[in-house]
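Only one structure is covered here, and it is reproduced in the block below.
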Amino acid sequence: MDIASTKVLVAITSYLSLRDLVCLSSTCRELHRRVFMNPTIWTSRMLFDRGITDAAVAGLVPKIPRSYYAIRDLRLNNLEISTHSIFLILNQFGHCVKTLEFTTNAEQLTQLCTHLEAFAFHLAQRQASNRIPLSFAEYSYNHVDLVAQAQQAVIPRGPDHHHYHDYPYYTDEINYAKVLASVSLPQILDDPPFEELEKLCIRSTSTSCGLLDRLHHLFGYLSQNKLHLSRHEESEILCVAKTDTFWNNERALERRTESLQPGPPPMFPIRLTRSNETPQTRPAQKTKNALHRFPQPIVRVMRYRPSPKRRPFTDNTTSPGRRVKIKYPI
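The working numbering numbers the first residue of the sequence shown as 1 and each following residue consecutively.
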């Protein structure tokens with residue numbers, strides 16, 4: 001297929017549901033390759049509907065392109081899937097998602113909070129010991145032991161303390177980053193799993209505000225972004241992250257206006273002038289020091305994992321006049 005046919009395919013698939021799109025990809029190998037290797041097809045679509053099951057998530061999610069340009073908005077509303085399936089979805093799209101929306105019951109939301117806190121504990125523990133970061137998929141395959149280890153490490157121990165299965169949360173502290181700091185674990189993550197998260201919305205039925213506050217601080221820790229509450233109700237929270245650029249700051253316009261107002265001349269180095277040179281005939285001084293009064297935007301560098309270095313291999317034959325052959329591993 002050429003570029004024109006790819007654009008036609010993207011336009012056609014925008015009108016298809018998830019089930020119809022999967023059926024279309026199963027008609028031939030070429031369509032299967034085009035559907036699951038083109039991130040544009042999966043952009044700005046309602047990815048999961050209410051009829052999806054755990055088996056469908058396990059078979060479909062690993063095939064969707066894991067790209068920074070694929071899934072930017074993820075809405076998990078009233079899905080009858082397990083927490084294990086939710087972690088598989090977050091493992092595939094958590095690094096690139098900008099908008100995350102949850103709508104579920106109080107029981108599953110409590111389980112999600114418990115597992116996310118255990119995941120955050122082991123993620124910080126691996127960073128402290130300089131090990132490979134934990135992924136959501138790796139956690140979900142051994143979540144029973146990992147939850148027990150995390151809860152036993154941070155719950156205050158005593159003769160009158162309940163067993164961790166009877167204790168819904170680790171401590172009474174809402175901000176879990178402070179809990180990690182109390183056991184000498186880092187509060188700043190080098191590789192946050194939700195590094196692009198800018199908007200978070202959580203809805204639930206018959207839940208407490210304490211649970212929503214826990215999730216608010218927990219997602220802020222796992223994204224390393226300051227998520228500010230824009231709406232806080234009994235069963236719903238809406239958090240928005242303020243970007244770290246100068247121009248989006250609240251006082252940016254005011255400071256920019258002040259910087260453009262006439263003020264005292266900048267301090268330039270002393271320069272010897274000729275006797276017949278006047279300020280009117282003096283050549284214009286082109287220097288970078290004149291730009292110090294104008295605000296400069298802060299550029300955010302996207303985190304990435306560099307590819308392994310290619311190591312050359314030489315030919316060790318003993319024939320005279322041999323040439324060195326450079327081979328690069330795939």
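Glycine is no exception: its CB is placed at the ideal position from the N, C-alpha and C atoms.
Note to self: According to DSSP, is Ser204 part of a helix, a strand, or is it coil?
What the structure shows: strand
Notebook entry, point to check: What do you get for Val154, buried or exposed, if any count of 16 or more other CB atoms within 10 angstroms of its CB means buried?
Noted result: buried
Check: What residue range is occupied by the uninterrupted beta strand (DSSP E) comprising Asn91?
Finding: Per DSSP, Asn91 belongs to no beta strand (DSSP E); it is in the alpha helix (DSSP H), 83-93.
Note to self: Just to confirm the assignment, what range does the beta strand (DSSP E) spanning Ser230 have?
What the structure shows: 227-232
Check: How about Leu180 and Ala241: are their beta carbons less than 8 Å apart?
Finding: no
Next item on the list: Can you have a look at Glu30 and say buried or exposed, based on whether 16 or more other CB atoms are within 10 angstroms of its CB?
Entry: exposed
Note to self: What residue range does the beta strand (DSSP E) around Leu76 cover?
What the structure shows: 73-77
Notebook entry, point to check: Taking just the CA atoms, how far does Val35 sit from Cys28?
Noted result: 11 Å
Note to self: Quick check: the Cα distance between Gly210 and Leu116, rounded to an integer number of angstroms?
What the structure shows: 15 Å
Check: Apart from the five residues on each side of it in sequence, which residues of its chain come closer than 7 Å, Cβ to Cβ, to Lys226?
Finding: Gly220, Ala241, Lys242
Checklist line | Cα-Cα separation, Pro39 to Leu88 | finding: 19 Å
Item checked: Gln108 versus Thr6: straight-line alpha-carbon distance, rounded -> 40 Å
Check: Taking all protein chains shown into account, do 16 or more other C-beta atoms lie within 10 angstroms of the C-beta of Asp207, making it buried, or fewer, making it exposed?
Finding: Looking at the sequence shown, residue 207 is not Asp but Thr. By the 10 Å Cβ count, Thr207 comes out buried.
Item checked: Limits of the unbroken beta strand (DSSP E) element including Phe102 -> 99-105
Next item on the list: To the nearest angstrom, report how far apart Ala175 and Arg214 are at their CA atoms.
Entry: The residue asked about is misnamed: residue 175 is Asn in this sequence, not Ala. Cα-Cα distance, rounded: 6 Å.
Next item on the list: Quick one: grab the DSSP three-state call for Cys23.
Entry: helix
Notebook entry, point to check: Just curious, the beta strand (DSSP E) that Glu236 is in, first and last residue?
Noted result: 236-241
Item checked: Strand pairing of Lys63, partner residues [DSSP] -> In DSSP, Lys63 forms no bridge with anything.
Next item on the list: Determine, using beta carbons only, whether Phe195 and Ser223 come nearer to each other than 8 Å.
Entry: Looking at the sequence shown, residue 195 is not Phe but Glu. Yes, they are a contact pair.
Next item on the list: Have a look at Arg231 and His217 and give me their C-alpha separation to the nearest angstrom.
Entry: 15 Å
Notebook entry, point to check: Near Gly42, which residues of its chain fall below 8 Å by C-beta distance, leaving aside the five closest residues on each side in sequence?
Noted result: According to the sequence shown, residue 42 is Trp rather than Gly. Excluding residues within five positions, the ones whose Cβ falls inside 8 Å are Ile64, Pro65, Ala70, Ile71.
Next item on the list: Identify which residue in Ser26, Thr83, Asn77, Asn142 has its Cα closest to the Cα of Val51.
Entry: The sequence given here places Gly at residue 51; Val does not occur at that position. Nearest C-alpha to Gly51: Asn77.
Check: Between the C-alpha atoms of Gly94 and Ala56, what's the straight-line distance to the nearest angstrom?
Finding: 19 Å
Checklist line | Neighbourhood of Gln111 by C-beta, 8 Å cutoff - its chain only, sequence neighbours within 5 removed | finding: Thr83
Note to self: Taking the alpha helix (DSSP H) that Val179 belongs to, which residues open and close that run?
What the structure shows: 176-182
Check: What's the gap between the Cα of Glu138 and the Cα of Thr53?
Finding: 21 Å
Margin query: For Ala177 and Arg33, I'd like the C-alpha separation in whole angstroms.
Written below: 43 Å
Next item on the list: Over the uninterrupted alpha helix (DSSP H) stretch that includes Leu185, give me the two end residues.
Entry: First-last for Leu185: undefined, no H or E at that position.
Next item on the list: Could you check how far apart the C-beta atoms of Ile135 and Asn105 are, in whole angstroms? I think they sit under 8 Å.
Entry: Position check: residue 135 holds Ser in this sequence, whereas Ile was assumed. Not a contact, Cβ separation roughly 26 Å.
Check: Counting contacts by CB-CB distance shorter than 8 Å, is Lys7 in contact with chain D?
Finding: No chain D appears in this structure, which consists of one protein chain only.
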